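Using UniProt numbering, read the sequence shown as starting at 1 and increasing by one per residue.
The beta-carbon is built from N, C-alpha and C at its ideal position, and this holds for glycine as well.
Keep in mind it's a predicted model, so treat the numbers as computed, not measured.
To start, the structure under review is shown below, and the notes come after it.
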Amino acid sequence: MLSPEGGYAMIDFSDKNINSIKINTIFSSYYNESLLLSSHGAAMFPVLLFYRGHLMHNFSLLTLLMTLGLLSLPPADARQDNVLRILTYNTYFNRLDEPAITLPFFINANYDLMGFQEVETLQSLDNRGRRYQRLLEQAGLGHFSALGDSAVQTPLPARFGNLMLADGTLYYDIDLQQQVISALNGITLDDGVRTLLASVIQNGVPLSEALGQLLDKPRSLVNLVNVLSALRTHQVPLANVMMNLPYAVLEHGVVDTPLLFGSPHLSSQDDSSFRLNQVQLLNAVAHATPLPIVLAGDFNAGEYAERGLFSVDAQVQLFNRYIQNPDSSPAQFYRTLLEQYAQSRKLLNALIDRGQALNDVEGAWIAALFRAENYPVDGNLPRTMNLLRQRYQLFIHDEEREPFAPHTLNDGSATWPSVMDDNARRGWGAWSRGQVDYIVVSRPFAKWFSLADDASDPYSGIMQLAFNPMDSTYRINDAYFAIDGTPMNGQRVVASDYVSASDHALVAHTLRYTGPALRLAGDGRLALIWGPEAANYTPQSPLFLLTRNNHRNDMYLGNLADVQGEPLPLLAQLPEVIKQTPLSCAWRNDAHIGAAVSRYCLDDHRMIGNVRVTGDAVLLVDDGEAMGRQPKVGLARRSTLVLATSTPDNFHLASLNHAGNLWLSAATAGNQLIVDGDYLSDDGLLGFGVNAPGADLRSDSLTLNGPSSGNIRVAITSSEGLGQQADAIALISLAGESQATFALAQRTVAAAYDYRLAEQADDGLGQGRRRYWLTNLAEDGHSTLVRPESQGYLANLAAANTLFLPRWQEMVYPHAARSAASSMWLRQNGGYRYYRDSSGQLDTRGYRYAVQLGGEVTQWQDDHGDYRLGVMGGYGTSHSMSRNRLSQRQAVASLDSYTAGVYVAYSRDPLGLQGLYFNGALQYVWGDNRVQGEQLSAQRYNSRGFLASIEGGYAWRYAINVTHTLALTPQIQLAHMGVKGKDVTEAAGTRIRDDSNGGMYARAGIRAAWQIDMASGNTLTPFAELGYQHQPAFALMMDNATVEQGTVSNTLQVSVGIRGHIDGDLGFSAQLNGQVGEQRYRDGTASLQIAYRF
1 MLSPEGGYAM
11 IDFSDKNINS
21 IKINTIFSSY
31 YNESLLLSSH
41 GAAMFPVLLF
51 YRGHLMHNFS
61 LLTLLMTLGL
71 LSLPPADARQ
81 DNVLRILTYN
91 TYFNRLDEPA
101 ITLPFFINAN
111 YDLMGFQEVE
121 TLQSLDNRGR
131 RYQRLLEQAG
141 LGHFSALGDS
151 AVQTPLPARF
161 GNLMLADGTL
171 YYDIDLQQQV
181 ISALNGITLD
191 DGVRTLLASV
201 IQNGVPLSEA
211 LGQLLDKPRS
221 LVNLVNVLSA
231 LRTHQVPLAN
241 VMMNLPYAVL
251 EHGVVDTPLL
261 FGSPHLSSQD
271 DSSFRLNQVQ
281 LLNAVAHATP
291 LPIVLAGDFN
301 AGEYAERGLF
311 SVDAQVQLFN
321 RYIQNPDSSP
331 AQFYRTLLEQ
341 YAQSRKLLNA
351 LIDRGQALND
361 VEGAWIAALF
371 RAENYPVDGN
381 LPRTMNLLRQ
391 RYQLFIHDEE
401 REPFAPHTLN
411 DGSATWPSVM
421 DDNARRGWGA
431 WSRGQVDYIV
441 VSRPFAKWFS
451 LADDASDPYS
461 GIMQLAFNPM
471 DSTYRINDAY
481 FAIDGTPMNG
491 QRVVASDYVS
501 ASDHALVAHT
511 LRYTGPALRL
521 AGDGRLALIW
531 GPEAANYTPQ
541 SPLFLLTRNN
551 HRNDMYLGNL
561 ADVQGEPLPL
571 LAQLPEVIKQ
581 TPLSCAWRND
591 AHIGAAVSRY
601 CLDDHRMIGN
611 VRVTGDAVLL
621 VDDGEAMGRQ
631 PKVGLARRST
641 LVLATSTPDN
651 FHLASLNHAG
661 NLWLSAATAG
671 NQLIVDGDYL
681 SDDGLLGFGV
691 NAPGADLRSD
701 SLTLNGPSSG
711 NIRVAITSSE
721 GLGQQADAIA
731 LISLAGESQA
741 TFALAQRTVA
751 AAYDYRLAEQ
761 ADDGLGQGRR
771 RYWLTNLAED
781 GHSTLVRPES
791 QGYLANLAAA
801 NTLFLPRWQE
811 MVYPHAARSA
821 ASSMWLRQNG
831 GYRYYRDSSG
841 QLDTRGYRYA
851 VQLGGEVTQW
861 QDDHGDYRLG
871 VMGGYGTSHS
881 MSRNRLSQRQ
891 AVASLDSYTA
901 GVYVAYSRDP
911 LGLQGLYFNG
921 ALQYVWGDNR
931 VQGEQLSAQR
941 YNSRGFLASI
951 EGGYAWRYAI
961 NVTHTLALTP
971 QIQLAHMGVK
981 GKDVTEAAGT
991 RIRDDSNGGM
1001 YARAGIRAAW
1011 QIDMASGNTL
1021 TPFAELGYQH
1031 QPAFALMMDN
1041 ATVEQGTVSN
1051 TLQVSVGIRG
1061 HIDGDLGFSA
1071 QLNGQVGEQR
1081 YRDGTASLQI
1091 AYRF
């Protein structure tokens, strides 16, 4: 047993040295002998009959039951490991001691957990009670353990005990002080506890007020066990007993997750004040118990109205009850309720002064005085359940919820009174029909349970149960029932044929556990395990969200209350229809009700002391307190833990054993992970998020205050906006002795930059901390590491705009005669390019090849010259590699591009050797691009756009002799390069966007051609060209960083080649082209053209 830090008290129910629970500021020291069941699930008695509905041994009772036909209804299905079938049954004193009648129902229903209330007959008739317990055990229904008027029963392996919950004022009597002090002198107490208890003793502090202080002390429960034991030994009187709670601890409740099951029976007093005290105690049990608690009982309070909504008839009964005895102890409470119900205070006072009961003939007065209660008046607000829901959640189907109107007979949602005992309510003046029997689960565990009832199961839901003592049969929710001798649904039934099982309906539900596996750790806190050990884990669904938000659906807005169960004052100002709105946990941030909503919706996880993720499981944690307070965390290989907060938060761990994957953020960076104790990594992967949206830089961080060791691989999981921010970001701080090594597990990029992990031996602040920084600076501390992928994108962009740049001599067959109908040409060229960017870091080499086919659609001549109109299409490809000389990182890029277009041409001389010429072309270009950086995923994207070109020149022809002619042709070409790449978002988050905006290309030069006419009629024309070329600066935006290609804009171009004309119809051209420029720019192209005239 241990009380952990932070004021959180734990009850270790797994301690086999404790017989029941002899502890707690809220428990008296009553205890009874625990009974440990065998692994077969039944008590250690000589003869076993059933275990979970299955026959174990022959026994004469089985033959008797089968002979009597008591097993005629189909039994429920066998139990699954992650589900529990739970029943609560207020027996109304008179049925459980008739086993021949009740056993068949329980055998067929096959419940796992059963809670009973009002079982005094078994307590007062000891022999009969023991006989009944033994019959239950022999029937495979498990052990029956009772305290007061409540009992629990289960066929599952369990240990049983009883809590006697008490409260009240401790030691007001001065004469007792010395006796108490003497009792405490003989025991060992931790520092501060003795002083606190002395203050309680001397000042007469109520125990309930001291509870919070006592729970704040470390090892509080250990101290209090000693205290209560000493007080009991010295026979010092304790507080008054307020409630008995028998319980069973199931060590393997759901998939090996331990569970505590109890059956409370709250007070039936009209006023809720005593019930509120009882609920405070139940809430304290939930607060102090590091196990799921399932309570199935009679809470004598409704979830929508404390005592059920009052019909006009019920209000008349209340009035008559008050008139009968206006001086009785509850009369003032009745009077207060009447004043709240009355539509006219004056009429109410007049009728009370008359001193006579109201009857049916006074309908006019009744109609004027009362209206049906559709929203509870102040005296009927559900204070009990509002307070209980601060530590528990109700499990109830929507169709079973209480209506916003008084219950009608057999409406399927009222549990008191039962249908057959409906007239019993007339004996309770301040009560109407209501739902008072519930199954609840303690927080924070309730959010991991869900209703799993089978709609065809007759043994689930709200059940009206009746027995026939004559033939020992039973019926559930049957029209066979009679109410006080009056047949239902027109069927004639003798009233004595069936008797009600109780004045309460029975409530049963199947709960499925869908949460992590839970274990009691050695320090008394809870170990939470997500992986193959958990109920809901499958390899296909390995993900689990660990959140404190319970997303509960068992409340309305009007149920919000303060810590004492009193409704929020704000609610009185709201219309009733608004208060009937289902509560949404999303209202936690509301300025008016946010604190109250958080009280009900945000669970307390401080009992979690150990978190383990195993197998291939993925655990998401959505806030800094979801894993508890400073838990020990362990990650197995292949497992993943993600701190998936929506806003930055702090995570404090006591220690971390790290062999799996740990992501410090899922989307929004800024989480801080602090490990105060040992940090041991076995090649664990640690992921940091770094976000810089705008000017606000947020990064995850790790602080190790204790010793650390092992190899840690570091990954940057998100880096939005990182490239536009500081060049160094602190990620890791080590204060303790460390033999750990940190290294980037993969290449880290953001915007246009490469990042590395740099170590700083001392932070320079005199604290002796080692730090690791994420930086885009090279080791020289000055140069910013530029990514080679930037040049890959730009090389593709440049190639897309230049592969198909047309030249007049390459498109037009210049020797076509005026009479030629048409001609075709084929152009092929390949080239090589090398350049270094302006930063001096990136070297880029590229190769390209293009093939184009074209021809004239039509041509004509006149006295002014030769005109041609043609079409063309082609394919081109480009490959490049860029390498950073500092980081040695490299990237490859490729492009497969296509074109289709038209061209026009004019020349004064059809042979193109004299006079003016002009040509223009318009092409649509599209392509498939690919860029892949080292250790990065490939990026595939499209490019498309138009390429428009115009070229002109003038040729002077000089005849050297009959066969040789010299032609000099100055020329100029302009082109608009409008091919753009589609925006790309890389896996790391960097957005790539073309920022060139359509550049202009220009070329000017002079061409010299020497035509040789041969005797055969063929011609050869060697030529040379010298020119100047200006090409646009292609640019990209990588996030907000602008990157230019870095090639020089102006280059010197030299070309040599030869053209030929063979047999009149076939022409060819071969050419070599070279360019040089600054920054070691080099470009070379070889081309071959063939043309044919038809």
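query, result
"Three-state secondary structure assigned by DSSP to residue 353", "helix"
"8 Å Cβ cutoff met for residue 621 and residue 685", "no"
"Coarse secondary structure for residue 551, derived from DSSP in three states", "coil"
"Extent of the continuous alpha helix (DSSP H) run through residue 365", "363-369"
"Counted within 10 angstroms of its Cβ, other Cβ atoms place residue 1059 as buried (16 or more) or exposed", "buried"
"Cα-Cα separation between residue 881 and residue 1018, rounded to whole angstroms", "44 Å"
"Residue 758 (DSSP reduced to helix, strand or coil)", "strand"
"Residue 629 versus 828, 606, 786, residue with shortest Cα-Cα distance", "606"
"Beta-carbon proximity check, residue 803 vs residue 878, cutoff 8 Å", "yes"
"Run of the alpha helix (DSSP H) containing residue 319, from where it starts to where it stops", "312-324"
"Straight-line gap, residue 593 to residue 271 (C-alpha atoms, nearest Å)", "27 Å"
"Cβ neighbour criterion (16 or more within 10 Å) applied to residue 564", "exposed"
"Per DSSP, the bridge partner or partners of residue 414", "None, per the DSSP bridge assignment."
"Unbroken stretches of the beta strand (DSSP E), 3 residues or longer, contained in the segment 507-549", "517-520, 526-530, 543-546"
"Touching by the beta-carbon criterion (3+ pairs, under 8 Å), the segment 522-538 and the segment 359-378", "no"
"Span of the alpha helix (DSSP H), counted from its first residue to its last, around residue 282", "273-288"
"Length of the line joining the Cα atoms of residue 909 and residue 866", "7 Å"
"Cβ neighbour criterion (16 or more within 10 Å) applied to residue 663", "buried"
"Cut-off 6 Å between Cβ atoms - residues of its own chain near residue 982, not counting five sequence neighbours on either side", "941, 942"
"Nonlocal neighbours in the same chain, by C-beta distance under 7 Å from residue 319, ignoring five residues either side", "338, 358"
"Residue 452 beta carbon less than 8 Å from that of residue 511", "yes"
"C-beta atoms of residue 636 and residue 654 nearer than 8 Å", "no"
"Rounded straight-line distance, which links the Cα of residue 689 to that of residue 306", "51 Å"
"Nearest-angstrom Cα separation, counted from residue 829 out to residue 671", "56 Å"
"Where residue 893 falls: helix, strand or coil (DSSP)", "strand"
"Host alpha helix (DSSP H) of residue 598 (start-end)", "594-601"
"C-beta atoms of residue 450 and residue 538 nearer than 8 Å", "no"
"Outcome for residue 775 when other beta-carbon atoms lying within 10 angstroms are tallied against a minimum of 16", "buried"
"Same chain, Cβ closer than 6 Å to residue 536, neighbours up to 5 away in sequence not counted", "514"
"Residue closest to residue 1091, alpha-carbon to alpha-carbon, out of 825, 641, 715, 837", "825"
"Residue 933 vs residue 1044 beta-carbon contact at 8 Å", "no"
"Assigned secondary structure, residue 881 (DSSP; H/G/I helix, E/B strand, else coil)", "strand"
"Local conformation of residue 643 per DSSP, three classes", "strand"
"Environment of residue 275 [buried if 16+ CB atoms lie within 10 Å]", "buried"
"Close Cβ partners of residue 333 (< 8 Å) along its chain, the five nearest in sequence each way excluded", "270, 271, 379, 430"
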